[in-house]
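Have a look at the structure below, then the notes.
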Amino acid sequence: VITIHMPALRDRRSDIPLLAEHFLQRLAAKNNRPVLAFSREALDAMSNYHWPGNVRELENMVERAVVLSRGEILSVDDLPAQIARGEPVNGEQSVASDLPLINLEVGTPLAEVERRVILETLRHTGGDKSAAARLLGIATRTIYRKLDGS
139 VITIHMPALR DRRSDIPLLA EHFLQRLAAK NNRPVLAFSR EALDAMSNYH WPGNVRELEN
199 MVERAVVLSR GEILSVDDLP AQIARGEPVN GEQSVASDLP LINLEVGTPL AEVERRVILE
259 TLRHTGGDKS AAARLLGIAT RTIYRKLDGS
């Protein structure tokens, strides 16, 4: 057995731009998006963020930015709010913490919870069902099925 010590991403800040660019190229191709690069401000904001979720959080954030971007250059405006602001966060928060909350009452049926989450995600993606499906980690046909109540 060999023990390999891998420091946290926050302790390897110089790796953040390299990893972000790698994920950007791979995920832009995967999602068929014309995104080419990050702005200097976006790279600075990412380098200053604490990354409690380490490399997985960085990869998820890049995919979210790629899917939701409107141009070829990802700016600080394409990043989640807490990363753009450079806020330190605790390990309990996730990349999605800047998304709107959905108010639910105790006892709300699971099908209704799913429907509301899908509808809010569609609102966030401007109605793009493929982008919403990618963000939710489900197939596009699942969105249609769950919204039809099947």
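Residues 139 to 288 in the working numbering are what the sequence shown lists, from first letter to last.
Heads up, the beta-carbon is just placed ideally off N, CA and C, and yes, glycines get one too.
Asked, Found
"Residue 230, buried or exposed, once every other Cβ within 10 Å from all chains shown has been counted against 16", "Note on residue 230: pLDDT 38, under 50, position unreliable in the model; no value is reported."
"Euclidean distance between Cα positions of residue 159 and residue 245", "44 Å"
"According to DSSP, residues forming a beta bridge with residue 211", "175"
"Nearest to residue 256 (by Cα), restricted to the options 271, 146 and 176", "271"
"Any C-beta of chain C under 9 Å from that of residue 173", "The chain inventory of the structure shown lacks chain C, comprising one protein chain alone."
"Residue 261 to residue 214 span [Cα, whole Å]", "21 Å"
"Same chain, Cβ closer than 7 Å to residue 169, five either side skipped, listed in chain order", "204, 205 and 272"
"Per-residue DSSP class, three states only, for residue 145", "coil"
"Boundaries of the alpha helix (DSSP H) in which residue 268 is found, first to last residue", "267-274"
"Residue 158 in three-state terms, based on DSSP", "helix"
"Option in 186, 176, 221 and 180 with minimal Cα separation from residue 210", "176"
"CA nearest to the CA of residue 192, picked from 199, 240, 147 and 161", "147"
"Any non-hydrogen atom of the ligand ZN closer than 8 Å to residue 254 Cβ", "Looking at this structure, you won't find the ligand ZN or any other ligand, since it has none at all."
"7 Å CB neighbourhood of residue 179 in its chain, flanking five on each side removed", "213 and 214"
"Length of the line joining the Cα atoms of residue 183 and residue 222", "6 Å"
"C-alpha distance - residue 291 paired with residue 167, whole-angstrom precision", "What the structure shows of the chain is the stretch from 139 to 288, and residue 291 is not part of that stretch, so it cannot be assessed."
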